[in-house]
Amino acid sequence: MCVPVAILAAATLVANEFETVLIDSRLPGWREKLLQELKKNPLCAGLTSITGSQIKYSLEISKFIKAHSDVPVVWGGIQPTILPEETLSNNNIDIIVMNEGEISFLELARRLDKKESLHGIKGIWFKENGKIIQNESREYLDLNQLPNLPYEMIDMQYYLPLFKGRRTLYMETSRGCVGKCAFCSNIVYNNRQWRAMSPETVLERIKLVYNKYGINSFYFIDDNFFVDLKRARKIAEMILEQSLDIIFEVQGIRYDSALQIDDDFLGLLYKSGLRKVHLGAESGSQRILDMVGKGITINDIINVNRRWAKYDIVVQHNFMAGFPTETIDDIKATINLIYKLKNENPHAMTSPICPYTPYPGTALYQEALDNGFTKRKTLEDWIEADYGDSIWISSSRGNLLKKIFFVTLFLESEREKDMLSSSFLKLGFAIYRKIAHFRLK
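According to the working numbering, the residues represented by the sequence shown are 48 to 488, in order.
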């Protein structure tokens, strides 16, 4: 289980002025803890949610709060930012914080504490006499001006999954992405605005948890870590200069950025501790790549995979299927590319082939509507979005995509090491992996 970065970020500033308690619903006993806090009549209760199944759990908590108190319920995160009216129309939600919430949430708490009007607080929407009120948007934040996440609010022992045998902390060093991918909700949430901590700030935060908690492995969950290659190089150089014995994994990197990393730079990254990167390949069909605005070619994917094979860095290529107009030949091209990448790089991994889901505000959303997608009307309607909602796909094709997703879950032995602790489960995973390869081919 990973650190709840979004909730810790929301608490970063408010916790300095108000008593703030973090309750993780993934841990046992959360209802009892929440009920105990509700009896103290707090200013508000804040939750965060992305689109999909997380809505179900956030709604469950919101209903619990409403059943046991009159405390205002505040939602933040991707889902309310993308669909504010649908979110606020739910009777269990009173206020939403749009986009980045650190300053907006602090100003909200100050107003609630003084029982003042919520009008004029940038970055929030709220309900007043049954009417939805939309305040002015807030400017994006300078991440260097924010303090460290308040890790003292959580018991770290629960939040450090293993990566290559080391306890690993999820950490954010930048926000946003400059890409134009037509399917991606990040464009709506961050408006293609990339903001980053300086190398000095990044190292300061690494050293803080390195010294305080003995953490020596990091997963940088940035949307796009390598937008500024000079910044990335400087971070790697400073890790080596300060003799930090760490390894790290990077969630976000585009192929066009990876192509600009020469052998010297790649060697520097490896020496500083880089051991895994995630890249969005999406499809093995050039037609699909062009349609979704990736701005790359199949050869770009292949060339990055070959060049990075020189180092023991896991290169995970992530794929999807079920796009509007996608054909069986397009899906076959994706499967063929997966095997080509794995054959040409012993360190290459691929994600399960995930189903595409249309998100409002994205360029591909209109294409989905034109192909028969029916707009969801309520917050609850979006709970199933994790599992794809491709109405333009026949039931037989839909079943095929579900089978492909399931089978591709088992392709990677690396995934087995990261996800499973039981020897019995590992054995079962390894046995089925051979069957999975046979079925996929």
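Just so you know, even glycine gets a beta-carbon here, dropped at the ideal spot from N, CA and C. The structure displayed is predicted, hence computed values, not measured ones.
- Isoleucine 54 and threonine 95 have their C-alpha atoms spaced approximately 7 Å apart.
- Here glutamate 296 is not near tyrosine 260, since their CB atoms are 8 Å or more apart.
- The C-beta distance from phenylalanine 366 to isoleucine 400 rounds to 5 Å, short enough to meet the 8 Å contact threshold.
- For histidine 325, the enclosing beta strand (DSSP E) covers residues 321 to 329.
- When DSSP states are grouped into helix, strand and coil, valine 118 belongs to the coil group.
- In this structure, histidine 394 sits away from alanine 368, with a CB-CB distance that is not shorter than 8 Å.
- Listed in chain order, the alpha helix (DSSP H) elements of length 4 or more contained wholly in the region 198 to 264 are 233 to 237 and 246 to 260.
- Nearest C-alpha to isoleucine 234 among Gly223, Ala243, Arg423 and Gly170: Gly223.
- With respect to methionine 244, asparagine 191 sits close: the two C-beta atoms are nearer than 8 Å.
- Taken through DSSP and simplified to helix, strand or coil, alanine 62 comes out as coil.
- If you check the CB distance, serine 221 and arginine 239 do not come in under 8 Å.
- Residue environment: glutamine 363 is assigned as buried (16 or more neighbouring CB atoms within 10 Å of its CB, all protein chains considered).
- Between asparagine 139 and leucine 106 the beta-carbon gap is near 6 Å, inside 8 Å, which marks them as a contact.
- Under the three-state reduction of DSSP output, glutamine 298 falls in the strand class.
- Every unbroken stretch of the beta strand (DSSP E) spanning 3 or more residues and falling wholly within the region 69 to 149 is given here in chain order: 92 to 95, 120 to 123 and 142 to 144.
- Separation of aspartate 337 and isoleucine 343 (C-alpha to C-alpha, rounded to the nearest whole angstrom) is 8 Å.
- In the structure shown, glutamine 181 falls within a strand segment according to DSSP collapsed to helix, strand and coil.
- Residue pairing for lysine 174: DSSP places it in a beta bridge opposite Ile179.
- Assigned with DSSP and collapsed to three states, valine 454 falls in helix.
- Asparagine 446 carries a helical assignment under DSSP once its states are collapsed to helix, strand and coil.
- Exclusion of the five residues before and after tryptophan 122 leaves Gly93, Leu94, Thr95, Ser96, Ser105, Ser109, Thr134, Ile140, Ile142, Ile143 and Val144 as the residues of its chain whose Cβ lies within less than 8 Å of its Cβ.
- Valine 52 is bridged by DSSP to nothing; it lacks a bridge partner.
- Taking the Cα of glycine 124 as reference, the smallest distance to any Cα among Glu175, Ala57, Phe65 and Glu84 is reached at Ala57.
- For asparagine 365, the enclosing beta strand (DSSP E) has its first and last residue at 361 to 368.
- Note on histidine 325: 16 or more other CB atoms within 10 angstroms of its CB, so buried under the neighbour-count rule.
- Distance from proline 246 to arginine 278 at the Cβ level is roughly 6 Å; contact confirmed, criterion being Cβ atoms closer than 8 Å.
- Out of Val274, Val50, Ser151 and Asp417, the CA that lies nearest to the CA of glutamate 186 is found in Ser151.
- If you draw a straight line from the Cα of aspartate 377 to the Cα of proline 371, it comes to about 11 Å.
- When C-alpha distances from tryptophan 429 are compared across Lys379, Tyr406 and Leu411, the shortest belongs to Tyr406.
- By DSSP's assignment, tyrosine 266 forms a beta bridge with Tyr217 and Glu296.
- With 16 or more other Cβ atoms inside 10 Å of its own Cβ, glutamine 298 counts as buried.
- Under the 10 Å beta carbon count, alanine 283 is surrounded by 16 or more other beta carbons and is classified as buried.
- In terms of CA proximity to phenylalanine 111, Trp77 leads the group Trp77, Ile129 and Thr128.
- Scanning Ser232, Ser330 and Glu149 for the CA closest to the CA of leucine 60 turns up Glu149.
- Counting only the Cα atoms, threonine 67 lies some 27 Å from leucine 426.
- No Cβ-Cβ contact shorter than 8 Å links leucine 209 with tyrosine 257.
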